[in-house]
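Chains as they are written, first to last, in the UniProt record's numbering: chain Y, 1 to 345; chain V, 1 to 345.
2 protein chains.
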Amino acid sequence: MKGIRRLAQHLDISIGTVSRALNGRPDVNEETRRRVLAAAKELGYVANQSGRSLRQGTTNIIGFMMQTGTEITGQGDTFFMSVFDGVQAVFAKHKLDLVALLCSSQEDPTDYLRRVVARGFADGMILSATQRHDPRVELLSERNIPFVTLGRTLTDAGQPWLDLDFEGMAQASIDRLVAHGHRRIAITRPHDDVNLGYVFVERCRQALAAHGLALDEELIFRSTPNEAGGYQIGRDLVSLDDRPTAIVLINETIAIGFYRALSEAGVTPGRDVAVIGRYSPQAQFLSPSLTCFRLSLRDLGVALAETLLSTMPAFRDQYPHTATNKLWPMELVEGASDAPHFHQS
Amino acid sequence: MKGIRRLAQHLDISIGTVSRALNGRPDVNEETRRRVLAAAKELGYVANQSGRSLRQGTTNIIGFMMQTGTEITGQGDTFFMSVFDGVQAVFAKHKLDLVALLCSSQEDPTDYLRRVVARGFADGMILSATQRHDPRVELLSERNIPFVTLGRTLTDAGQPWLDLDFEGMAQASIDRLVAHGHRRIAITRPHDDVNLGYVFVERCRQALAAHGLALDEELIFRSTPNEAGGYQIGRDLVSLDDRPTAIVLINETIAIGFYRALSEAGVTPGRDVAVIGRYSPQAQFLSPSLTCFRLSLRDLGVALAETLLSTMPAFRDQYPHTATNKLWPMELVEGASDAPHFHQS
DNA sequence: CATAGTTCCGTAAACGTTTACGAACACCAA
DNA sequence: TTGGTGTTCGTAAACGTTTACGGAACTATG
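Printed below as a string of structure tokens:
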């Protein structure tokens, strides 16, 4: 005898009552409930996941899809672990479990997701590393699976999304650098599949135009979103004849390699070239310390969770005023890397 | 009509035959199988996870347990993503899926794991961030859940484990530094709950003793395994009256903060103090570049997967010669941070 | 032609839950 | 007493699979 039957036999009551007691149904005597809960704890009973979700058609699991073995976003190290912590803080109130669904680099992400939803694995999904055109969005929309994306896509199917405020970062960076006297400003962007690059570049272009400046196409650096990519950008930058006096790094991890390339060329950030980047645990330990845009990853996780829940029928009423689309603000942390431009050009 | 019944109805055969066809049973006509497979693809049918695992008592899922919101090992996201990729390469051959089970920082890891196994969520587990005394090991052993740990525990229950070869790293580091003329060598270690610290410190002590040197207890630095911890170690080190001429950093991420602290004090790695650390994507971009111990994370993942499968009855015969315990070697990458010690002490 | 063997497929029972339904009982008012 | 109203619980039917079992249709063998 196993499972709920064992518990029922042990208490000499029916399995129906046991189930009702454990699930907090009102039609069970409080004394009985107490006994059931005590026995469950004693025998270490936890309802079998398969049986429960087969009957209920629900799993109480939310999947966070990630792709292994690849670097798409350039968000390193502890980024996701912090976001997860915020998500879980919300989920814990609703007995929802967060699991990371790991798509192998050998498998197509959309195929993987199709497999996951067809199997009925999760009640809802959080998608990250969204591409500019991302078939996963359409897939989940069609199947009516609740989901939220971290990152906008170009094909907006009306789904809920959160995204970092790259427009705000672009605007603030350009304004700040221009105010510091810079006129020739370089920017970076990820490869073409990622949407945020377009958003960022266009806003930089607009912000420069507002100051009567043009964005030099030669000064838009494209690279892999990792340290090596940053190194390459640094090499390219210092080798330019008409070197820019400032640069805005859109990714988090590229600053590390960028600094190294500058250092090898005898160029010092904050003196010879102003640098604004993104916060990472390493950023504040670069020398000179990086002026960067920072955000609370845990709060971002909380917002992701709340946005998702606000679209799920079972929880909607508990999150009535949650925005389904939001640009998440980033805060400027002043370092020593973007000192004013004193040289005359 | 849903699920397998829909498929059976569509083909006008029984659900039993459909199931047998999809699961590759021999007692089904090849022509029938072809038709079933085609129809399944056309209708996008994938067997419901709950139904299947309820009947079979097996989930085809392996869980990799991680703790969110905490830094125990000092290994970042890219670390695990690479390991995962190796694990999945093996699992893909056996139609096993890897998911990361995320234990919230609010919940006790052992309670979480108990919940997961009681629910019958996974067929097997991979544990990381193992503590010196880790109740999770006993839990899984008792329940007879196949598992492997990444990291040894003190309470060895005979379970399979893989671990990085910190002994080898300790020995090679000390030998190398002594050969370079260093006599006063500092080391670092994580906090007391983590086993590898003991292993590492003891081997360093032995290696030094073999050269007739004693390990100065004052030169064992303990810190959080992140950049801030490294910064603190750096500050502490430069403020010592009798400063060591070399240091071995056991964690991956601390080098970043350590370099910064040295830089602020006008101390240069590789000239004023020799530094040996662990490889990370950032390490090669530190300046001067870090001499460090590196390993193939993907291969480590492959080994983890094979070790786990070799303990599972269903797969054991396919991995007959897999060692259940293994110290994973690390390779020295020469940088510029551990130059010979030319000063007289 | 009878028998045995093989191939293929349908039937139905399980797996462990949850929950609609109704029964049993106690209580109270008429 | 009767009928109504709650409270509490047991019964049994789902949920979507897989698989043991047996039967039907062939084929081969004597």
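Glycine included, every Cβ here is placed at the ideal spot set by N, Cα and C.
Residue i (DSSP reduced to helix, strand or coil)
i, result
"Asp85(V)", "helix"
"Leu113(V)", "helix"
"Ala339(V)", "coil"
"Met312(V)", "coil"
"Arg222(Y)", "strand"
"Pro269(Y)", "strand"
"Leu240(V)", "coil"
"Glu217(Y)", "helix"
"Ala100(Y)", "strand"
"Leu177(V)", "helix"
"Ala8(Y)", "helix"
"Tyr15(Y)", "Note on residue identity: the sequence assigns Ile, not Tyr, to residue 15(Y). Looking at Ile15(Y) - three-state DSSP - the assignment turns out to be helix."
"Thr307(V)", "helix"
"Thr78(V)", "helix"
"Gly301(Y)", "helix"
"Phe166(Y)", "helix"
"Phe258(V)", "helix"
"Gly120(V)", "coil"
"Arg20(V)", "helix"
"Glu331(V)", "strand"
Residue i, enclosing beta strand (DSSP E) - first and last residue
i, result
"Lys326(Y)", "325-328"
"Arg189(V)", "185-189"
"residue 354(Y)", "The displayed coordinates of chain Y run from 1 to 345. Any statement about residue 354(Y) would go beyond what the structure contains."
"Glu138(V)", "That residue, Glu138(V), is in no beta strand (DSSP E); its alpha helix (DSSP H) goes 135-143."
"Ala246(V)", "246-248"
"Arg294(V)", "291-294"
"Met65(Y)", "61-67"
"Leu150(V)", "147-150"
"Leu286(V)", "Segment: none, Leu286(V) is in no beta strand (DSSP E) and carries neither H nor E."
Beta-carbon neighbours of residue i, restricted to chain Y and to distances below 7 Å
i, result
"Thr68(V)", "Met81, Phe84, Asp85, Gln88"
"Glu227(V)", "Pro281, Gln282, Phe285"
"Leu54(V)", "Ser50, Gly51, Leu54"
"Ala118(V)", "Gly44, Val46"
Per-residue contacts from residue i into chain V (C-beta, under 7 Å)
i, result
"Ala100(Y)", "Val99, Ala100, Leu102"
"Arg115(Y)", "Val46"
"Phe121(Y)", "Gln49"
8 Å Cβ cut-off: residues of chain Y touching residue i
i, result
"Gly257(V)", "Phe285"
"Tyr231(V)", "Phe285"
Endpoints, alpha helix (DSSP H) assigned at residue i
i, result
"Glu31(V)", "30-43"
"Gln49(V)", "49-56"
"Val46(Y)", "Here Val46(Y) belongs to no alpha helix (DSSP H), and DSSP marks it neither H nor E."
"Trp200(Y)", "A quick correction: the sequence has Phe, not Trp, at residue 200(Y). First-last of the alpha helix (DSSP H) with Phe200(Y): 195-210."
Supposed close pair residue i, residue j - CB separation, criterion 8 Å
i, j, result
"residue 351(Y)", "Met330(Y)", "An answer regarding residue 351(Y) cannot be provided, because it is not within the stretch 1 to 345 covered by chain Y."
"Leu54(V)", "Leu54(Y)", "5 Å"
"residue 348(V)", "Ser105(Y)", "This structure cannot settle anything about residue 348(V), because the visible part of chain V is limited to 1 through 345."
"Ala246(Y)", "Ala283(Y)", "No, Ala246(Y) and Ala283(Y) are not in contact; Cβ-Cβ is about 17 Å, not under 8 Å."
"Thr58(Y)", "Pro160(Y)", "So it is not a contact: roughly 20 Å between Cβ atoms."
"Gln171(V)", "Gly120(Y)", "Actually they do not touch by this definition, with Cβ atoms about 52 Å apart."
Within chain V, partners of residue i - CB distance below 9 Å
i, result
"Gln106(Y)", "Asp85, Gln88, Ala89, Ala92"
"Arg260(Y)", "Gln284, Phe285, Leu286, Ser287, Ser289"
"Ser263(Y)", "Ser287"
Contacts that residue i makes with chain Y (C-beta to C-beta distance below 9 Å)
i, result
"Ser296(V)", "Chain Y residues near Ser296(V): none, gap ~13 Å exceeds 9 Å."
Cβ-heavy atom distance, residue i to the ligand ADP, below 7 Å
i, result
"Met65(V)", "Here there are no bound small molecules, and the ligand ADP is not part of this structure."
Handout entry: Stretch-stretch touch, CB-based, cutoff 8 Å, three pairs: the region 269-279 of chain Y with the region 249-259 of chain Y
Key = yes
Exercise for the section: May I ask you to verify whether the region 1-21 of chain Y touches the region 44-56 of chain Y, counting CB pairs closer than 8 Å and requiring at least 3? Expected result: yes
Exercise for the section: Would you be able to state if there are at least three C-beta pairs under 8 Å between the region 28-36 of chain V and the region 215-222 of chain Y? Expected result: no
Problem - Contact between the region 136-147 of chain V and the region 193-211 of chain V (3+ Cβ pairs under 8 Å) - result: no
Problem - Meets three-Cβ-pair contact criterion under 8 Å: the region 112-124 of chain V and the region 281-292 of chain V - result: no
Exercise for the section: Could you tell me whether the region 308-328 of chain Y touches the region 178-193 of chain Y, where touching means 3 or more Cβ pairs closer than 8 Å? Expected result: no
Handout entry: Touching by the beta-carbon criterion (3+ pairs, under 8 Å), the region 257-267 of chain Y and the region 319-330 of chain Y
Key = no
Handout entry: Three CB pairs or more closer than 8 Å across the region 196-204 of chain Y and the region 231-244 of chain Y
Key = no
Problem - the region 84-99 of chain Y contacting the region 63-70 of chain Y, beta-carbon criterion three pairs below 8 Å - result: yes
Practice task
Kindly confirm or deny that the region 145-162 of chain V and the region 86-97 of chain V touch, where touching means at least three C-beta pairs closer than 8 Å.
Solution key: no
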